[in-house]
Amino acid sequence: MKKAIIIGATSGLGREIALNLQRDGWTVGVAGRRVELLKEFAIYEQIDVTAEDAVEGVERLVEKLGGMDLFVNVAGVGFQNKELDSVVEKHTFDVNGYGFMRMVGWAYNYFKREKREGHIAIVSSIAGTKPLGTAAAYSATKRMQSHYLTALAQLARMEGVNIKFTDIRPGFAATDILNPNKHYPMMMSKERAGRLATKAILRKKRVAVIDWKFAVLTFFWSLIPRCVWERLTFVKN
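The numbering of the sequence shown is the numbering used here, which starts it at 2 and goes up by one.
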């Protein structure tokens, strides 16, 4: 039976991916900060990705699970911060940058050490395609996550490590990361986004934009020169 670790499974896409994998016959271990929301799963561990003992927590979770075939990092935060409040910006970098790097880097070294086939998937964002003026730190860290995964994919080839990589880039999905009082275009339910993300992971797609409407949108975004993008004032998140 295949075994998966999901970091950031207390709610939103992380929880949906965990539930979908369970339905598909996987044994799943979940982690997050709010332990009371993890208890619906048989195997769980309370982990804050920015805490000093975060890596030890993942190691305990893998031990409980009896190994790992798939590692999914969904843990992340996102804020609109037009004021560029340094506390908010730092927290975003701490979680989406430092915390992300610790989790994904540990997973890479686990599969390398175990000399077994592995799969690392992350949930980044379409904001990593083009930066959004109202969410500078969020956009920057999501771009970093995608680049970090690309670097690891290259490193795996250099070192002969058998790891597959998947970068899930969702558009607007109705999860806790979004402001419930705001309107977002082309909003998806978290259930639909979770199903599509799980499908991409099981197919071991390298990059998956969730869903097709956002795939079209980000394609055209990528064609816009920086000098034009910086003059756009209607692009909001």
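Ideal Cβ placement from N, Cα and C applies to all residues, glycine included.
Just so we're clear, the structure is a prediction, and the values are computed from it rather than from any experiment.
Query, Result
"Where Ile8 sits in the DSSP three-state scheme", "strand"
"Cα-Cα separation, Leu85 to Glu115", "43 Å"
"Given Ala5 as reference, the closest of Asp54, Asn74, Gly134 and Glu41 once Cα atoms are compared", "Asn74"
"Contacts around Trp222, its chain only, beta-carbon distance under 6 Å, and the 5 residues preceding and following it disregarded", "Thr130 and Lys131"
"Outcome for His148 when other beta-carbon atoms lying within 10 angstroms are tallied against a minimum of 16", "exposed"
"Of the residues Lys205, Gly67, Val208 and Trp213, the one placed nearest Arg193, counting alpha carbons only", "Trp213"
"Span separating the alpha-carbon of Arg117 from that of Ala209", "24 Å"
"Residues bridged to His120 (per DSSP)", "Leu71 and Lys165"
"C-beta contact flag for Thr199 and Asn21 at 7 Å", "yes"
"Under the three-state DSSP convention, the category Arg170 falls into", "strand"
"Inter-residue spacing [alpha-carbon to alpha-carbon] between Thr1 and Glu57", "Given a span of 2 to 238 for the chain in the structure shown, any question on residue 1 remains unanswerable."
"Selection from Gly106, Thr135 and Tyr139 that minimises the alpha carbon distance to Ala152", "Gly106"
"Sub-7 Å separation of Gly30 and Leu39 beta-carbons", "no"
"CB of Ala174 within 7 Å of CB of Met189, strictly", "yes"
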